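In the numbering used here, the protein residues as written are 1 to 102. Each remark here refers to the structure printed beneath this line.
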C-alpha cells in the first residue's frame with residue numbers, strides 16, 4: 001500500500017536504464033530551458049542576444065542527449081541486438097526458412 005522508494009541498482013541492465021533515463025531527462029530539461037530563453041528574447045547586449053544564449057545552453061543539452069542515448073544503446077547491444085542489417089546471411093529466421101544447403 002502506498003508507493004515505496006526502491007534502491008537504485010548499481011550494476012546490470014537496470015543501472016544502465018536508470019543512468020540513461022537520468023541523462024535524457026537532464027538533456028530534455030536543458031533544451032526546454034534553452035527554448036524558453038530563446039522565446040523570451042533575453043539579451044546581454046548587442047553581441048550576445050537570445051540566439052547566442054540559446055545555443056550556449058543547448059550545447060550541454062545535446063551532450064547529455066548523446067550520453068544518455070549511448071548508455072541505452074550499449075545496453076541494447078549487450079542484450080544481443082545485431083549491429084548488422086537483417087539480411088539473408090545474418091538473420092537466423094531467414095537462414096532456417098531457406099532449408100539446408102545442397
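Note that CB positions come from ideal geometry on N, CA and C, so glycine has one too. Bear in mind the structure is a predicted one, so any value in this text is a computation, not a measurement.
Less than 8 Å between the C-beta atoms of residue 42 and residue 53, yes or no? yes
Can you find the residues in the same chain that come closer than 7 Å, C-beta to C-beta, to residue 33, ignoring five residues on each side of it along the sequence? 57
Under 8 Å by Cβ, that's how I've got residue 74 and residue 16 pegged, so tell me the actual separation to the nearest angstrom. 7 Å
Would you tell me roughly how many angstroms separate the C-alpha atoms of residue 22 and residue 10, rounded to the nearest one? 14 Å
Where residue 51 and residue 12 are concerned, what is the direct C-alpha to C-alpha distance, given to the nearest angstrom? 41 Å
Going along the chain, which residues of its own chain have a beta-carbon closer than 8 Å to the beta-carbon of residue 62, five neighbours each way excluded? 27 and 31
Three-state secondary structure assigned by DSSP to residue 49: coil
Could you tell me the distance, in whole angstroms, from the CA atom of residue 67 to the CA atom of residue 20? 7 Å
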